[in-house]
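Participant: Just passing along the structure, written as structure tokens.
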Amino acid sequence: MKASTDFDTLTEFFDRYGVALTVGDVPAIAGCYALPGLVVADTYSFSFTSPAAVALSFVGAAPDYQERELIAANALIEDVQPVSALLTEVAVRWEFLDSQGQAVPGERYRYLLRSTDDGPAICTVIRTA
């Protein structure tokens, strides 16, 4: 096994993650993370060591997506960098589609992914400018 820099593999992973985010499938979201995991932003950081902790951290996201009427998420992969034998850093710009079919700009993130037997898994998420 080696770090995944294959664009198709990464696209499939982020497509699956985006669907889980927009439909509020918290167990599927949690399944996209390696444990322990870390989320880093300008004003806070938090870590989680169990699928339940991942799920709790995303419980508030689903109502936000529903309130904004976001029905689809598209991860635009901007950069892929191998970090080590099993780690890859991926820069992603998210775009969303609302219920009216309008594109809604999202945020940018850098994901540190670990290659596993089941495919990529998110180790660290960093919100970027």
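Counted the way my numbering counts, the sequence shown spans residues 553 to 681.
Beta carbons are placed, not taken as given, at the ideal position from N, Cα and C, and that holds for glycine.
Taking 8 Å as the threshold (C-beta atoms), are S599 and L608 in contact?
Facilitator: no
Participant: What ranges does the beta strand (DSSP E) occupy inside the stretch 582-632, keeping only unbroken runs of at least 3 residues that lie completely in it?
Facilitator: 585-592, 597-600
Participant: Candidates I678, Y596, G576, T601: which alpha carbon is nearest V644's?
Facilitator: I678
Participant: Am I right that V642 and L562 are in contact with their C-beta atoms under 8 Å? What's the rounded C-beta distance?
Facilitator: Going by Cβ atoms, the distance from V642 to L562 rounds to 6 Å, so yes, they are a contact pair.
Participant: So, for L628: in the same chain, excluding its five sequence neighbours on each side, which residues have a beta-carbon less than 7 Å away from its beta-carbon?
Facilitator: V644, R645, E647
Participant: By the 10 Å Cβ neighbour count, where 16 or more other Cβ atoms means buried, how is G653 classified, buried or exposed?
Facilitator: The residue in question, G653, is exposed, as its Cβ has fewer than 16 Cβ neighbours within 10 Å.
Participant: Using the three-state DSSP reduction, which class does A637 fall into: helix, strand or coil?
Facilitator: Shown here, A637 sits in coil according to DSSP, grouped into three states, outside any helix or strand.
Participant: DSSP has V644 in a bridge; who is on the other side?
Facilitator: I629, Y661
Participant: Counting beta carbon pairs with one atom in the stretch 653-670 and one in the stretch 572-581, are three or more of them shorter than 8 Å?
Facilitator: no
Participant: Rounded to whole angstroms, what is the Cα-Cα separation between Y756 and V611?
Facilitator: Since the first residue shown for the chain is 553 and the last is 681, residue 756 is missing from the structure and cannot be characterised.
Participant: I need the boundaries of the beta strand (DSSP E) containing G671, first residue and last residue.
Facilitator: 671-680
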